[in-house]
Amino acid sequence: MAHDVTPPPEVVCTSLAKTFAGGTEAVRPIDLTFAAGRTTALVGPSGCGKSTLLRMVAGLENPSAGRIEIGGAPPRATLRRAGLSVAFQDPSLLPWRSVRGNIELALTLARRKAGASEIDQLIDLVGLDGFAETRPAELSGGMRQRAAIARALATRPGLLLLDEPFGAVDELTRRQLAQDLPRIWEARGTTTILVTHSVSEAVLLSDRVIVLSPRPAEIVADIPVDLPRPRPEDAARTEAAGALIDRVFAELSKGMAASNPPLAAQ
Amino acid sequence: MTNAAAGTGRPLATGRRGAGGYGPMLGVLVLLAGWELAGQLLTEAFVLAAPSEVALYLVRDWQLMSRALGVTLGNAAAGFVIGNVAAVALAGVALLWPRSERVITGLALLVFCLPLVATGPILRVFFGPGPGPQIALAALAVYYTTLIPLLVGLRAAPDSWFDLVRSYGRGPMSALVHVRAMAALPYLFTGLQIAAPAAFLGAMVGEFTGAERGMGVLTVRAIRALDVEMTWGLATVATAVAILAYVGIGALARRVLLEAPPVILAAPAVATGRRLGGWIDTGLVILLALGGWAGAIWAFGLNPFFAKGPGDVLDALVFAPDAAATRATIGAALAESAVYLIPGYIAGLLAGAALAILLILVPAVASTAMPLAIALRSVPIVTTAPLIVLLLGRGAVGTIFLVAVMVFFPSFVACLQGLRQAPGQVMAVFDSYAAGPLARLVRVRIPAMLPAFFAAARMAVPASVLALTVAEWLATGSGIGSLMALSASLSDYDMLWSSVVLVSALSALGYVLVGAVERRVLAIYAPEQLA
Ligand SMILES: Nc1ncnc2c1ncn2[C@@H]1O[C@H](COP(=O)(O)OP(=O)(O)OP(=O)(O)O)[C@@H](O)[C@H]1O
Ligand SMILES: [Mg+2]
Numbered sequence: 001m002a003h004d005v006t007p008p009p010e011v012v013c014t015s016l017a018k019t020f021a022g023g024t025e026a027v028r029p030i031d032l033t034f035a036a037g038r039t040t041a042l043v044g045p046s047g048c049g050k051s052t053l054l055r056m057v058a059g060l061e062n063p064s065a066g067r068i069e070i071g072g073a074p075p076r077a078t079l080r081r082a083g084l085s086v087a088f089q090d091p092s093l094l095p096w097r098s099v100r101g102n103i104e105l106a107l108t109l110a111r112r113k114a115g116a117s118e119i120d121q122l123i124d125l126v127g128l129d130g131f132a133e134t135r136p137a138e139l140s141g142g143m144r145q146r147a148a149i150a151r152a153l154a155t156r157p158g159l160l161l162l163d164e165p166f167g168a169v170d171e172l173t174r175r176q177l178a179q180d181l182p183r184i185w186e187a188r189g190t191t192t193i194l195v196t197h198s199v200s201e202a203v204l205l206s207d208r209v210i211v212l213s214p215r216p217a218e219i220v221a222d223i224p225v226d227l228p229r230p231r232p233e234d235a236a237r238t239e240a241a242g243a244l245i246d247r248v249f250a251e252l253s254k255g256m257a258a259s260n261p262p263l264a265a266q
Numbered sequence: 267m268t269n270a271a272a273g274t275g276r277p278l279a280t281g282r283r284g285a286g287g288y289g290p291m292l293g294v295l296v297l298l299a300g301w302e303l304a305g306q307l308l309t310e311a312f313v314l315a316a317p318s319e320v321a322l323y324l325v326r327d328w329q330l331m332s333r334a335l336g337v338t339l340g341n342a343a344a345g346f347v348i349g350n351v352a353a354v355a356l357a358g359v360a361l362l363w364p365r366s367e368r369v370i371t372g373l374a375l376l377v378f379c380l381p382l383v384a385t386g387p388i389l390r391v392f393f394g395p396g397p398g399p400q401i402a403l404a405a406l407a408v409y410y411t412t413l414i415p416l417l418v419g420l421r422a423a424p425d426s427w428f429d430l431v432r433s434y435g436r437g438p439m440s441a442l443v444h445v446r447a448m449a450a451l452p453y454l455f456t457g458l459q460i461a462a463p464a465a466f467l468g469a470m471v472g473e474f475t476g477a478e479r480g481m482g483v484l485t486v487r488a489i490r491a492l493d494v495e496m497t498w499g500l501a502t503v504a505t506a507v508a509i510l511a512y513v514g515i516g517a518l519a520r521r522v523l524l525e526a527p528p529v530i531l532a533a534p535a536v537a538t539g540r541r542l543g544g545w546i547d548t549g550l551v552i553l554l555a556l557g558g559w560a561g562a563i564w565a566f567g568l569n570p571f572f573a574k575g576p577g578d579v580l581d582a583l584v585f586a587p588d589a590a591a592t593r594a595t596i597g598a599a600l601a602e603s604a605v606y607l608i609p610g611y612i613a614g615l616l617a618g619a620a621l622a623i624l625l626i627l628v629p630a631v632a633s634t635a636m637p638l639a640i641a642l643r644s645v646p647i648v649t650t651a652p653l654i655v656l657l658l659g660r661g662a663v664g665t666i667f668l669v670a671v672m673v674f675f676p677s678f679v680a681c682l683q684g685l686r687q688a689p690g691q692v693m694a695v696f697d698s699y700a701a702g703p704l705a706r707l708v709r710v711r712i713p714a715m716l717p718a719f720f721a722a723a724r725m726a727v728p729a730s731v732l733a734l735t736v737a738e739w740l741a742t743g744s745g746i747g748s749l750m751a752l753s754a755s756l757s758d759y760d761m762l763w764s765s766v767v768l769v770s771a772l773s774a775l776g777y778v779l780v781g782a783v784e785r786r787v788l789a790i791y792a793p794e795q796l797a
């Protein structure tokens with residue numbers, strides 16, 4: 001199963017900044033290194049610039065300053081090798097293709113091959129067994145997001161970018177995914193960047209949590225997560241995890257307070 | 267109906283298909299019964315043939331009719347293919363080179379505004395005997411109605427789908443193959459569905475002038491002979507062909523597509539007015555049109571006796587000794603036509619909108635009327651022009667009515683579609699405030715209808731000019747259509763070309779004016795449409 005895996009790259013952002021053409025400053029110059037083969041979570045208030053940061057790493061948005069290196073090369077080189085996958089915040093499945101069809105399209109685009117059984121396994125993994133031939137219009141919002149996750153995994157990318165992949169997924173399924181997905185990216189040793197709104201998810205899934213300030217995004221805190229793996233479902237309730245979650249929350253509200261005092265005062 | 271279902275817009279599609287079963291059939295039966303009754307009662311008037319009489323005629327003369335039908339169908343099919351291939355090619359150029367899109371659509375509009383009846387005789391001289399003009403007119407009748415939805419369709423995919431393609435390192439070519447082409451398919455079918463009956467109409471109009479065989483030839487003969495049964499028989503066959511073509515392509519679309527093709531009548535209005543780019547493009551369109559016109563005459567080495575270039579027309583209208591007389595003649599004819607055109611156009615538009623608004627308040631009726639109206643929209647109204655003139659006389663009433671009918675169906679279908687497309691979530695908000703149907707109509711549905719209404723209003727400008735000129739050419743003997751017919755038969759090519767140029771320019775101007783009103787209104791009621 002481990003054939004044809006792109007080796008996980010290290011991602012280095014140097015003074016990376018983004019100001020949109022309209023003048024919106026989304027990301028303040030950021031220096032950040034995402035370690036190879038590890039999972040890093042990005043948390044921050046809505047609209048702070050998380051998706052923008054991720055899109056720059058994916059080579060979909062040009063930085064207005066600074067640079068990104070993926071495994072020592074610019075994002076474009078990684079793109080050309082189809083060395084990364086993005087699970088977008090909006091699942092962006094093609095409506096005229098089934099779940100399987102969407103996954104196959106990703107493989108075609110990435111010029112990779114995967115056996116039917118491998119695709120089936122992925123579909124099972126995200127809990128869509130029985131829906132392989134279903135079109136997106138007949139899936140719920142959460143099911144679509146899970147299909148997008150399966151699609152992102154299918155090409156065996158060395159770098160996996162997940163933008164709030166569980167946003168519309170129900171709590172129980174989220175927990176199940178939080179159990180199953182890390183197993184895959186650990187087995188493959190993928191470099192994963194996970195944007196999430198859920199603090200406990202960030203802690204449970206990642207090796208490190210980066211807390212961002214409200215827009216324009218700046219790094220407020222960089223918190224290593226040294227909980228042992230594998231992390232069972234109740235790992236979030238251990239004392240160590242609880243402490244980490246509290247700390248992330250504290251940093252988040254500190255960041256909020258700095259930019260928006262009245263709200264934090266309540 | 268769950269919220270999730272409402273969000274995807276599925277109930278609309280299934281509802282339409284469900285109601286498509288018996289409603290239209292019932293409608294057709296009622297229509298037939300009314301027609302028969304009127305035909306029997308008015309039999310003294312000699313202008314209305316009852317369905318039974320038409321059927322008898324068709325049975326009796328089926329050989330003549332089927333031979334003519336075969337010829338016209340062949341011409342229409344050739345024009346259909348040529349016109350649509352041209353549309354796809356033009357859309358491709360606009361896609362590869364976005365800067366050219368406005369010039370392409372501008373030129374395409376100008377050509378679409380050519381009065382087909384007068385283009386016929388000019389093409390006749392160019393092609394000589396044979397099917398050339400019929401096929402050319404069929405192609406001219408379809409390329410625009412395919413080009414516009416296709417351009418919309420090629421841009422209909424959300425950015426995130428292109429991000430997906432890019433995130434796997436693939437370029438515009440992959441995006442075209444895997445995303446754009448597929449996303450544009452429903453829009454292409456929308457265009458083809460309207461194009462199929464239009465091609466038939468174009469071929470018939472081409473046959474009006476100097477062809478030897480075909481439905482158009484028979485139509486002219488029937489009118490000249492005042493053969494009421496034959497005229498009605500021809501109109502019935504043309505209508506049946508149009509509806510079958512429309513339904514056939516619709517059925518094909520449903521086999522290929524996931525949902526019914528979207529209803530689109532024109533591209534969203536492009537804000538041109540104030541920006542310099544708009545003026546430059548407009549100038550470029552005019553320059554290219556004039557250049558292409560002069561260039562074609564030169565390249566084909568056409569006989570200057572009938573092939574008039576831009577200079578000749580300018581001469582005839584401005585510098586020639588009889589220029590003032592020419593201007594006066596054309597001006598008088600245009601004024602005569604405007605008296606019929608403008609009231610008919612406005613009446614048709616408003617009647618379409620009003621009926622759509624009425625029907626939406628009675629949803630059961632709306633879902634029955636919709637498929638019927640969509641099918642009827644495809645009827646080549648123009649082929650029934652002689653009938654309407656026969657029925658209502660050569661005076662104002664008949665002609666205005668004809669123009670109104672021509673405008674009514676597109677307006678009605680577009681408005682009904684617009685009214686039904688009121689965004690589900692916004693409606694849900696109004697539901698939650700327990701707003702009555704009237705409040706919803708005024709605050710949500712009518713604003714949601716406006717873009718479709720104006721799209722129809724723009725496309726209706728050339729359509730109404732076509733209807734009017736055909737009626738004048740064939741039947742009423744007044745106005746610009748009649749002047750063009752007269753000039754063609756007298757070989758007064760200066761007059762003919764000048765009329766064609768002025769009618770096209772005025773149609774295009776009308777289109778642009780409606781677009782300007784549209785932008786004003788949408789800026790207030792539906793600003794998101796102008797983004
Ligand atoms: N293409 C764009 N052009 C201009 N401004 C943009 C664009 N994309 C995003 N922005 C702005 O940049 C800021 C950051 O947006 P971004 O999508 O990165 O936020 P986010 O952190 O992902 O928010 P959320 O958690 O709600 O998804 C916002 O203020 C947004 O309005
Ligand atoms: Mg985001």
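For the protein sequence lines, the chains are Y and R, in the order given. With the first letter of the first sequence counted as 1, position 182 gets the number 182 in our numbering; the numbers rise by one all the way through. In our numbering, each number is its position in the second sequence, counted from 1, plus 266. All C-beta atoms in this analysis are idealised placements derived from N, C-alpha and C, irrespective of residue type, glycine included. Source: prediction; values computed, not measured.
Closer than 7 Å by C-beta to residue i: which residues in its own chain qualify, once you throw out the five before and the five after it? Chain order, please.
| i | result |
| --- | --- |
| V27/Y | L16, A17, K18, G49, T52, L53, P216, A217 |
| F20/Y | A26 |
| V551/R | V369, G372, L373, L376 |
In its own chain, which residues sit with a C-beta less than 6 Å from the C-beta of residue i, not counting the 5 before and 5 after it?
| i | result |
| --- | --- |
| G499/R | V320, Y323, L324 |
| L454/R | L416 |
| W301/R | P317 |
| V126/Y | R146, I149, A150 |
| L79/Y | G59 |
Taking residue i as the reference, which of the options has the closest Cα?
| i | options | result |
| --- | --- | --- |
| I210/Y | F249/Y, E186/Y, A243/Y, E239/Y | F249/Y |
| A723/R | L762/R, V710/R, F674/R | F674/R |
| G23/Y | V11/Y, A36/Y, S64/Y | S64/Y |
| W185/Y | T155/Y, L212/Y, L172/Y, A168/Y | T155/Y |
| I666/R | A441/R, E602/R, Q683/R, I623/R | E602/R |
| T735/R | I623/R, A604/R, G437/R | A604/R |
| A168/Y | L181/Y, S140/Y, G189/Y | S140/Y |
Excluding five sequence neighbours on each side, which residues of the same chain lie with their C-beta closer than 8 Å to the C-beta of residue i?
| i | result |
| --- | --- |
| G577/R | A560 |
| N350/R | V408, Y409, T412, G457, L458, A461 |
| T40/Y | F34, T192, I193, L194, S206, D207, R208, V209, I210 |
| G614/R | V669, A670, V671, M672, V673, F674, S677, A726, S730 |
| V507/R | L335, L339, P463, F466 |
Which of helix, strand or coil does DSSP assign to residue i?
| i | result |
| --- | --- |
| Q63/Y | Before going on, a small fix: residue 63/Y reads as Pro here, not Gln. Three-state result, P63/Y: coil. |
| F674/R | helix |
| K18/Y | strand |
| L756/R | coil |
| E164/Y | coil |
| L361/R | helix |
| P438/R | helix |
| A537/R | Caution is warranted here: a pLDDT of 43 is assigned to A537/R, below 50, making its placement in the model unreliable, and the coordinate value is therefore given only provisionally. In the structure shown, A537/R sits in coil (DSSP, three-state: anything other than H, G, I, E or B). |
| D425/R | helix |
| T39/Y | strand |
| E25/Y | strand |
| C48/Y | coil |
| R593/R | helix |
| L34/Y | With the sequence shown as reference, residue 34/Y is identified as Phe, and Leu is not the correct amino acid for it. Reduced to three states, the DSSP call for F34/Y is strand. |
| A450/R | helix |
Mind pulling the chain A residues with CB within less than 7 Å of residue i?
| i | result |
| --- | --- |
| D90/Y | Annotation note: the requested chain A is absent from the structure, which comprises protein chains Y and R. |
Checklist entry - What residues does ligand 2 have around it, judged by CB closer than 7 Å to any heavy atom, in chain order? => result After applying the 7 Å Cβ criterion, the set is K50/Y, S51/Y, Q89/Y, D163/Y, E164/Y, V195/Y.
Item to check | alpha helix (DSSP H) runs wholly inside the region 363–422 of chain R, at least 4 long, in chain order | outcome: The region 363–422 of chain R contains these whole alpha helix (DSSP H) runs: 367–378, 382–393, 398–420.
Next on the checklist: Give the list of continuous alpha helix (DSSP H) stretches no shorter than 4 residues that lie fully inside the region 227–261 of chain Y.
Outcome noted: DSSP runs (the alpha helix (DSSP H)) wholly in the region 227–261 of chain Y: 239–259.
Next on the checklist: What ranges does the beta strand (DSSP E) occupy inside the region 59–143 of chain Y, keeping only unbroken runs of at least 3 residues that lie completely in it?
Outcome noted: Segments of the beta strand (DSSP E) lying fully in the region 59–143 of chain Y: 65–70, 84–87.
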